[in-house]
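**Q** Below you will find the structure I want to go over with you.
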Amino acid sequence: MESVLIISSSEKGAVLLSQMLHTVQISLIDTSGSASDGRRRIASHSYDLVIINAPLRDESGEALAADITKDRHTGVLLLVKAEMETQIEQRVAQYGVFVLSKPINQQFFYKALHLLDAVQHRFYGVENENIRLKQKIDEARIVSRAKSILMEYLSMTEPQAHRYLEKQAMDLRITKLEVAKRLLSTYEN
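Printed below as a string of structure tokens:
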């Protein structure tokens, strides 16, 4: 975790959270005093974690927490009064918001930070795998279209078209995808 934004209407709360975060070696800690200012900061900078010390001056903090998770890969830790923890947790759990009760237990706070960090790393891994799989599917579609063109225009069978693409790739020392793209540019233009 590299960067954190603390949104707290209480200056004392922001200072306490900043001090706790300094012990875990986070390189950038920004603070904001309201939800509206927090939204502006989030729009202009990407944070790994946003800690919301609820309630805020201009809103409860729940809507802000949910909004942050919708379009970003930012972890959100929502700090709420102990008597409200269960209710709020039920309302924001679907957004992946982690809720902790106040007063803050330092041990739970650090466990929550480690958990959010682990979840974020896992999420990035899944996202990268998803991107890789989409690329493979796109490549397979292009190769399949090239095979279709060979079958249509050169009357090849599917195995012959497949073998042709592989042989061209070996002979030209390029990928099968590149052969397919060249073939498509020749026949589709």
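Note that our numbering gives residue 76 to position 82 of the sequence shown, counting from 1, and the numbers run on in steps of one.
Beta carbons: idealized from backbone N, C-alpha and C, even for Gly.
1. How many Å lie between PHE117 and GLN88 at the Cα?
2. Which residues does DSSP pair with ASP24 in a beta bridge?
3. Determine, using beta-carbon pairs with one atom in the segment 40 to 51 and one in the segment -3 to 6, whether at least three such pairs fall under 8 Å.
4. Helix, strand or coil for GLY119 per DSSP?
5. Which residues in the same chain as VAL18 place their Cβ atom closer than 8 Å to its Cβ, once the five residues preceding and following it in sequence are excluded?
6. If we ignore side chains and look at the alpha-carbon of each, how far apart do GLN162 and ASN124 end up?
7. Where does VAL74 fall in DSSP's three states?
8. Helix, strand or coil for LEU148, going by three-state DSSP, please let me know.
9. Quick one: what does DSSP say LEU178 is sitting in, helix, strand or coil?
10. Under a CB-based cut-off of 8 Å, is ARG157 close to chain C?
11. Pick helix, strand or coil for ILE82, following the three-state DSSP scheme.
12. In angstroms, rounded to a whole number, what distance separates the CA positions of PHE21 and VAL74?
13. In this structure, does DSSP put GLY69 in helix, strand or coil?
14. Assuming LEU171 contacts ILE143 under a Cβ cut-off of 8 Å, what Cβ separation, rounded to an integer in Å, is found between them?
15. For ALA155, collect the residues of the same chain with a Cβ closer than 6 Å to its Cβ; drop the 5 residues on either side in sequence, then sort them by chain order.
16. Going straight from the alpha carbon of ALA60 to that of PHE92, what length do you get?
17. For the beta strand (DSSP E) that VAL44 lies in, which residues bound it at each end?
**A** To lay it out plainly:
1. 16 Å
2. LEU(-1)
3. yes
4. In the three-state reduction of the DSSP assignment, GLY119 falls in the helix class, which pools H, G and I.
5. MET(-5), TYR104, LEU107, listed in sequence order.
6. 30 Å
7. strand
8. coil
9. Helix at LEU178.
10. Among the chains in the structure shown there is no chain C, since it carries only a single protein chain.
11. helix
12. First, the amino acid is wrong: residue 21 is Ser here, not Phe. About 26 Å.
13. strand
14. About 14 Å; that fails the 8 Å criterion.
15. LYS141, LEU144, MET145
16. 11 Å
17. 43 to 47
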